[in-house]
Amino acid sequence: MATNWYLVKYVPDPFRNEPRNIGVVVESSGYGVARFIGQHQDGLDGRKARGVVRSTKMLRAWLEYIEYHLDSGTFHESVLKSVSRPGQNYRIEPRGSLLTPSEETNLQAVAEDLFRELVGEPAPSGVRSIDDLANELLFRKLQVPADRMIERDVSYTVLLHGEPRELDFDYRYQNGRTNLLDKITLSSQDKLVRQKVNDLLFRIEHAQRDAEIKDPAFVTLYDLGKSERSDSVESHLRAIEQFSHTVNIRDENAAEDVAEKLGVPLLQAA
């Protein structure tokens, strides 16, 4: 009984077709294991995958989809067919069969070896990520009332030309008004930044217009990383500021700024 392995790739822009290896799958008769970038025993660490894929939420959903079919023995008929269509961001390439007898093959160990050789985890940058900074600000510096909470990863379904579309936001805080917060990094290549800014503006516009939220407020936590404030960055910020209050996540007064917008006090230790 053959044991096969597959290389999983992510293509940010199918038109440019510049894939990056993000994982491996090892299976036998449709059953097997997957090993993805950022994956650990308890799930997926989005901080490690961010910067590699555009949406860690989509990556998590796709990994869960693959693992479900690997556990069910339906990997061949379900997963491989779903990624065979052109123009997909995620691809699975068959790379061959293992020469060891399948009865003695530890699929997880093989997947780990292939992952280390062909993918590997992103090297730590030594700079705190926007995810770390946002979580520290929102959950360690703000004194949210006991009967309320800041929610993570919220979605609204809207109809666009009759088709349902999910609008995702990083955080939500409700205090008589719905506050939607999003993170955005403005330090990548300009084309990718434009795409991220346009996506944010699209979600804000349709949340205001189509999501049936009464008088929503928006806060955008942005990070320049190692980039300097250029004309293009200023242009992006001006566009976002038309719809959302912007906060530089690395500014020393960022927590105070967000606390004022959400209407909550700072913790005394902050």
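Its first residue numbered 22, the sequence shown is counted upward by one per residue in the numbering used here.
Just so you know, even glycine gets a beta-carbon here, dropped at the ideal spot from N, CA and C.
Source: prediction; values computed, not measured.
Notebook entry, point to check: Whose C-alpha, out of Arg271, Tyr177, Tyr194, is nearest the C-alpha of Asp231?
Noted result: Looking up residue 231 in the sequence shown gives position 210. For the set Arg271, Tyr177, Tyr194, the Cα lying nearest the Cα of Asp231 is the one of Tyr177.
Item checked: Neighbourhood of Val32 by C-beta, 6 angstroms cutoff - its chain only, sequence neighbours within 5 removed -> Taking the sequence shown and counting its residues from 1, one reaches residue 32 at position 11. For Val32, the CB contacts under 6 angstroms within the same chain, skipping 5 residues up- and downstream, are Pro40, Asn110 in chain order.
Margin query: Within 8 angstroms, do at least three Cβ pairs link the stretch 185–195 to the stretch 262–270?
Written below: Judged by Cβ distances under 8 angstroms, the stretch 262–270 makes no contact with the stretch 185–195, as fewer than three pairs qualify.
Margin query: Looking at the secondary structure, which residues open and close the beta strand (DSSP E) in which Asn25 lies?
Written below: What you label residue 25 is simply residue 4 of the sequence shown in a count that begins at 1. Run containing Asn25: 25–31, per the beta strand (DSSP E) assignment.
Check: Rounded to a whole number of angstroms, what is the C-alpha to C-alpha distance between Phe57 and Glu85?
Finding: If you number the sequence shown from 1, residue 57 lands on position 36. If you number the sequence shown from 1, residue 85 lands on position 64. Rounded to the nearest angstrom, the two C-alpha atoms are 11 angstroms apart.
Note to self: Tell me the rounded alpha-carbon separation between Leu194 and Leu80.
What the structure shows: Here residue 194 refers to the residue found at position 173 of the sequence shown. Here residue 80 refers to the residue found at position 59 of the sequence shown. At residue 194 the sequence reads Tyr, which differs from the Leu that was named. For Tyr194 and Leu80, the distance between alpha carbons rounds to 25 angstroms.
Notebook entry, point to check: Can you tell which of Arg224, Val254, Thr77, Asn274 has the C-alpha that lies nearest to the C-alpha of Arg215?
Noted result: As a working note, residue 215 is residue 194 in the sequence shown. The shortest C-alpha to C-alpha distance from Arg215 to any of Arg224, Val254, Thr77, Asn274 is the one to Val254.
Notebook entry, point to check: On the premise that Val73 lies in contact with Ile87, defined as a C-beta separation below 8 angstroms, what is that separation, rounded to the nearest angstrom?
Noted result: Indexing the sequence shown from 1 puts residue 87 at position 66. Indexing the sequence shown from 1 puts residue 73 at position 52. Your pair Ile87 and Val73 does not check out as a contact, with CB atoms roughly 17 angstroms apart and the cut at 8 angstroms.
Checklist line | Cβ neighbours of Ser150 in the same chain (closer than 6 angstroms, five flanking residues each side left out) | finding: Sequence index remark: in the sequence shown, residue 150 carries index 129 (1-based). Residues Arg68 of the same chain have their beta carbon placed closer than 6 angstroms to that of Ser150, with the five preceding and five following residues left out of the count.
Note to self: Based on DSSP bridge pairs, tell me the residues matched to Phe57.
What the structure shows: Translated into the one-based positions of the sequence shown, residue 57 becomes position 36. Checking the DSSP bridge columns, you'll see Phe57 partnered with Gly44.
Note to self: If you reduce the DSSP assignment to three classes, tell me which class Gly117 lands in.
What the structure shows: For the purposes of this step, residue 117 is taken as residue 96 along the sequence shown, with counting starting at 1. In the structure shown, Gly117 sits in a strand (DSSP, three-state: E or B).
Checklist line | Proximal residues to Val29 (C-beta, below 6 angstroms), its chain only, five neighbours per side dropped | finding: Here residue 29 refers to the residue found at position 8 of the sequence shown. Hits under 6 angstroms: Ile43, Gly44, Ile113.
Note to self: Looking at the secondary structure, which residues open and close the alpha helix (DSSP H) in which Thr77 lies?
What the structure shows: The residue labelled residue 77 in the question sits at position 56 within the sequence shown. Looking at the DSSP string, the run of the alpha helix (DSSP H) that includes Thr77 is 77–93.
Notebook entry, point to check: Mapping DSSP to helix, strand and coil, what is Leu288?
Noted result: Taking the first residue of the sequence shown as position 1, residue 288 is located at position 267. Leu288 sits in coil when the DSSP states are folded into three classes, being neither helix nor strand.
Margin query: With H, G and I counted as helix, E and B as strand and the rest as coil, what does DSSP make of Val165?
Written below: By 1-based counting over the sequence shown, the position of residue 165 is 144. Of the three classes helix, strand and coil, the one that applies to Val165 here is coil, per DSSP.
Next item on the list: Leaving aside the five residues before and after Thr77 along the sequence, list all residues of the same chain whose C-beta is less than 6 angstroms from its C-beta, in chain order.
Entry: Taking the sequence shown and counting its residues from 1, the one referred to as residue 77 is at position 56. Same-chain partners within the cutoff: Gly67, Ala70, Arg71.
Next item on the list: Flag this pair as yes or no: are the beta carbons of Val279 and Val165 separated by less than 8 angstroms?
Entry: The count along the sequence shown starts at 1 and reaches residue 279 at position 258. The count along the sequence shown starts at 1 and reaches residue 165 at position 144. No, these two residues do not count as a Cβ contact at 8 angstroms.
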